[in-house]
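Below is one structure, written out as structure tokens; the observations come after it.
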Amino acid sequence: MIRSGQRPEWLTFDCYGTLIQWDEGLLAAMERILAGKNRSIERDAFISVYDRYEHRLERERPHRSFKNVSATALALAMGEFSLDVSPDDADILTSSISRMPPFPEVVATLTRLKAAGFKLAIISNTDDAIIAGNVAQLGGSVDRVITAEQAGAYKPARQIFQHAWRELGIEKEQLVHICASPHLDLAAARELGFRTIWVDRGTGRKPLADYVPNETVARLDEVCGLLSAAGWME
Numbered sequence: 054m055i056r057s058g059q060r061p062e063w064l065t066f067d068c069y070g071t072l073i074q075w076d077e078g079l080l081a082a083m084e085r086i087l088a089g090k091n092r093s094i095e096r097d098a099f100i101s102v103y104d105r106y107e108h109r110l111e112r113e114r115p116h117r118s119f120k121n122v123s124a125t126a127l128a129l130a131m132g133e134f135s136l137d138v139s140p141d142d143a144d145i146l147t148s149s150i151s152r153m154p155p156f157p158e159v160v161a162t163l164t165r166l167k168a169a170g171f172k173l174a175i176i177s178n179t180d181d182a183i184i185a186g187n188v189a190q191l192g193g194s195v196d197r198v199i200t201a202e203q204a205g206a207y208k209p210a211r212q213i214f215q216h217a218w219r220e221l222g223i224e225k226e227q228l229v230h231i232c233a234s235p236h237l238d239l240a241a242a243r244e245l246g247f248r249t250i251w252v253d254r255g256t257g258r259k260p261l262a263d264y265v266p267n268e269t270v271a272r273l274d275e276v277c278g279l280l281s282a283a284g285w286m287e
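Per the numbering used here, the sequence shown starts with residue 54, numbered consecutively.
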């Protein structure tokens, strides 16, 4: 249960898929890219292939920028579907990522959590320039944004979380991490031992077989109910 520890000073969030509509935005970008290629592909199949390449590239050394990772993953995924890649495709994708909107309940929920006295931070596998457009849509409630570019590492590596905690000046017991990604954020929680709330938005991404998050919700606004039940907010 989430209430088993102390009241968190910080709530930290994954961004894409948790706050920002990643799958929907990726599909919209792909529809633009594919418009001139006279091909249609199955949405979930493409996203799964793109995710596989993206996560593989993020583990490689030396560290690549997310702009490079996303462009390379896109080209590899399109190659797997026998699609021609043009020089403009990567630019369409990265510019689309910055414009991806939040889920409908996100801005009001962040505002409510901020008003309850929590400090809010994002820990995200991206570059500063890319995420800036997304953060600008979140209503001004986010106190800090920690990126893979700043940490020189991608989730689930412990390096990015430890970098974030140093920057925030806290220990893992002083936070609850809220995320939608089991294979990145929950995998890190399994290793590092911080508390988590998993936002299972019904994308088909499965929880880890050997890790159970402290709580599971279907939407971000349900987090407020959990924190209220713990006595941490009204």
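A virtual CB, placed ideally from N, CA and C, is assigned to each residue, including glycine.
If you're wondering where the values come from, they're calculated on a predicted model, not measured in any experiment.
Between the alpha carbons of residue i and residue j, how many angstroms are there, rounded?
i      : j      : result
Phe119 : Ser57  : 36 Å
Ala240 : Glu268 : 15 Å
Leu110 : Gly284 : 42 Å
Thr179 : Arg112 : 13 Å
Gly222 : Gln215 : 10 Å
Val198 : Gly192 : 14 Å
Met153 : Trp75  : 7 Å
Ser281 : Ala88  : 47 Å
Among the options, which one has its Cα closest to the Cα of residue i?
i      : options                           : result
Gly246 : Thr256, Val252 and Val265         : Val265
Asp253 : Pro235, Asp263, Ala242 and Glu244 : Pro235
Arg60  : Leu228, Thr249 and Ile250         : Leu228
Asp196 : Pro157, Val188 and Ile100         : Val188
What's the call for residue i, buried or exposed, on a 16-neighbour Cβ count within 10 Å?
i      : result
Thr71  : buried
Ser151 : buried
Ser149 : buried
Pro115 : exposed
Gly78  : buried
Does DSSP put residue i in a helix, a strand or coil?
i      : result
Arg258 : coil
Ala204 : helix
Pro140 : coil
State the CB to CB distance for the pair residue i and residue j, rounded to an integer number of angstroms; the pair is presumed to be in contact (CB under 8 Å).
i      : j      : result
Cys232 : Thr256 : Not confirmed; about 13 Å, so no contact.
Asp137 : Ile86  : Going by Cβ atoms, the distance from Asp137 to Ile86 rounds to 10 Å, so no, they are not a contact pair.
Pro209 : Leu237 : 5 Å
Glu62  : Lys172 : 6 Å
Quick one: does the C-beta of residue i sit closer than 7 Å to a heavy atom of the ligand ADP?
i      : result
Ser123 : Ligands are entirely absent from the displayed structure, and the ligand ADP is therefore not among its contents.
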